[in-house]
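Residue numbers (this note's numbering), protein chains in the order written: chain A, 1 to 113; chain B, 114 to 225.
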Amino acid sequence: NAGVTQTPKFQVLKTGQSMTLQCAQDMNHEYMSWYRQDPGMGLRLIHYSVGAGITDQGEVPNGYNVSRSTTEDFPLRLLSAAPSQTSVYFCASNARRGVSEAFFGQGTRLTVV
Amino acid sequence: SQQGEEDPQALSIQEGENATMNCSYKTSINNLQWYRQNSGRGLVHLILIRSNEREKHSGRLRVTLDTSKKSSSLLITASRAADTASYFCATDDPGSARQLTFGSGTQLTVLP
């Protein structure tokens, strides 16, 4: 049981490049989320999904797209990378909103130069 | 905006001492959770306390919740060097479809 798997672990992009951060979970969880973590800011919600085919914006969605075609996968796309998107990105899943714990991936450290 | 705010931002104690971290939040909640993050790693769930509970224990962890003051505390007893990590509270707002909202965390350092 792998839990939540994120790839890649590290990435360096040039300004304007696009890329996709992958997230997969094998726990059949309905809820999945993407957060970014910046020093002194805690975790901020980017996008989330309450099930396959359903996504919605979080606190800081600008510059990011998501899709949820399957229960297992929830990729995060950076459309045109900017230095302000330099951060550590975490994917999380949980079984039931409001009553269950969230499981986190190990994170992707992204640097945009 | 941050729902949960931890206090203090940083805490340094000696091994064997108790560590107390506080969390304040703004809206009503279904539950409040505490997570731990070791340096360079993802967050790991520690404990969940429901809005109708006042206190909960798990091993060396004790969590209290005061919904009238919109605050919670995490107590780690008999701390160990391995407890060195960042600790975050997270809340679940029943008025929002969004997932957990995290505070900015407390960095705990336990000195051997």
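Where a beta carbon is used, it is the ideal one built from N, C-alpha and C, also for glycine.
Could you work out which residue in the options is closest to residue i when comparing CA atoms only?
{"i": "A24 of chain A", "options": "A:V112, A:F103, A:R109 and A:V113", "result": "A:F103"}
{"i": "I162 of chain B", "options": "B:R193, B:F201, B:V176 and B:Y138", "result": "B:V176"}
{"i": "S181 of chain B", "options": "B:G216, B:L188, B:A132 and B:T140", "result": "B:T140"}
{"i": "V183 of chain A", "options": "A:C91, A:S87 and A:T86", "result": "In the structure as shown, chain A starts at 1 and stops at 113, and residue 183 of chain A therefore has no counterpart that could be examined."}
{"i": "L45 of chain A", "options": "B:K183, B:S185, B:S217 and B:L221", "result": "B:S217"}
{"i": "A111 of chain A", "options": "A:T5, A:T86 and A:T55", "result": "Per the sequence shown, residue 111 of chain A should be read as Thr rather than Ala. Closest by alpha carbon: A:T86."}
{"i": "S69 of chain A", "options": "A:L78, A:V50, A:T15 and A:V60", "result": "A:V50"}
{"i": "Y64 of chain A", "options": "A:E72, A:H47 and A:D73", "result": "A:H47"}
{"i": "G38 of chain A", "options": "A:G105, A:N94, A:G58 and A:Y89", "result": "One point to set straight first is that residue 38 of chain A is Asp, not Gly, in the sequence displayed. Minimum Cα distance to D38 of chain A is reached at A:Y89."}
{"i": "E101 of chain A", "options": "B:R173, B:S152 and B:W147", "result": "B:W147"}
{"i": "R173 of chain B", "options": "B:L159, B:E119 and B:L145", "result": "B:L159"}
{"i": "S164 of chain B", "options": "B:N143, B:S152 and B:R154", "result": "B:N143"}
{"i": "T55 of chain A", "options": "A:L43, A:G40, A:T71 and A:M41", "result": "A:T71"}
Determine the DSSP secondary structure at residue i, reduced to helix, strand or coil.
{"i": "S184 of chain B", "result": "strand"}
{"i": "A95 of chain A", "result": "coil"}
{"i": "D196 of chain B", "result": "helix"}
{"i": "Q85 of chain A", "result": "helix"}
{"i": "D73 of chain A", "result": "strand"}
{"i": "P148 of chain B", "result": "The residue you asked about is not Pro; residue 148 of chain B is Tyr in the sequence shown. Looking at Y148 of chain B - three-state DSSP - the assignment turns out to be strand."}
{"i": "S171 of chain B", "result": "strand"}
{"i": "T204 of chain B", "result": "strand"}
{"i": "E130 of chain B", "result": "coil"}
Can you find the residues in the same chain that come closer than 8 Å, C-beta to C-beta, to residue i, ignoring five residues on each side of it along the sequence?
{"i": "R96 of chain A", "result": "E30 and Y31"}
{"i": "N131 of chain B", "result": "L188, I189, T190, A191 and S192"}
{"i": "P234 of chain B", "result": "This structure gives no information on residue 234 of chain B, because the portion of chain B shown stretches from 114 to 225."}
Could you round the C-beta distance between residue i and residue j to whole angstroms and report it? I think they count as a contact, below 8 Å.
{"i": "S185 of chain B", "j": "E128 of chain B", "result": "About 25 Å; that fails the 8 Å criterion."}
{"i": "G3 of chain A", "j": "M27 of chain A", "result": "7 Å"}
{"i": "Y138 of chain B", "j": "K183 of chain B", "result": "5 Å"}
{"i": "L178 of chain B", "j": "L156 of chain B", "result": "L178 of chain B to L156 of chain B, Cβ: 20 Å. No contact."}
Closer than 7 Å by C-beta to residue i: which residues in its own chain qualify, once you throw out the five before and the five after it? Chain order, please.
{"i": "V223 of chain B", "result": "I126, E128, S192, R193, A194, D196 and T197"}
{"i": "S114 of chain B", "result": "Note on S114 of chain B: pLDDT 41, under 50, position unreliable in the model; the coordinate value appears next. So no residue of the chain qualifies."}
CB-CB under 6 Å to residue i, same chain, minus the five flanking residues each way: which ones, in chain order?
{"i": "R109 of chain A", "result": "F10 and V88"}
Counting Cβ pairs closer than 8 Å, one from the stretch 115 to 135 of chain B and one from the stretch 3 to 14 of chain A, do we hit at least three? no
Evaluate contact between the stretch 185 to 201 of chain B and the stretch 75 to 84 of chain A, counting only Cβ atoms and requiring at least three cross-stretch pairs below 8 Å. no
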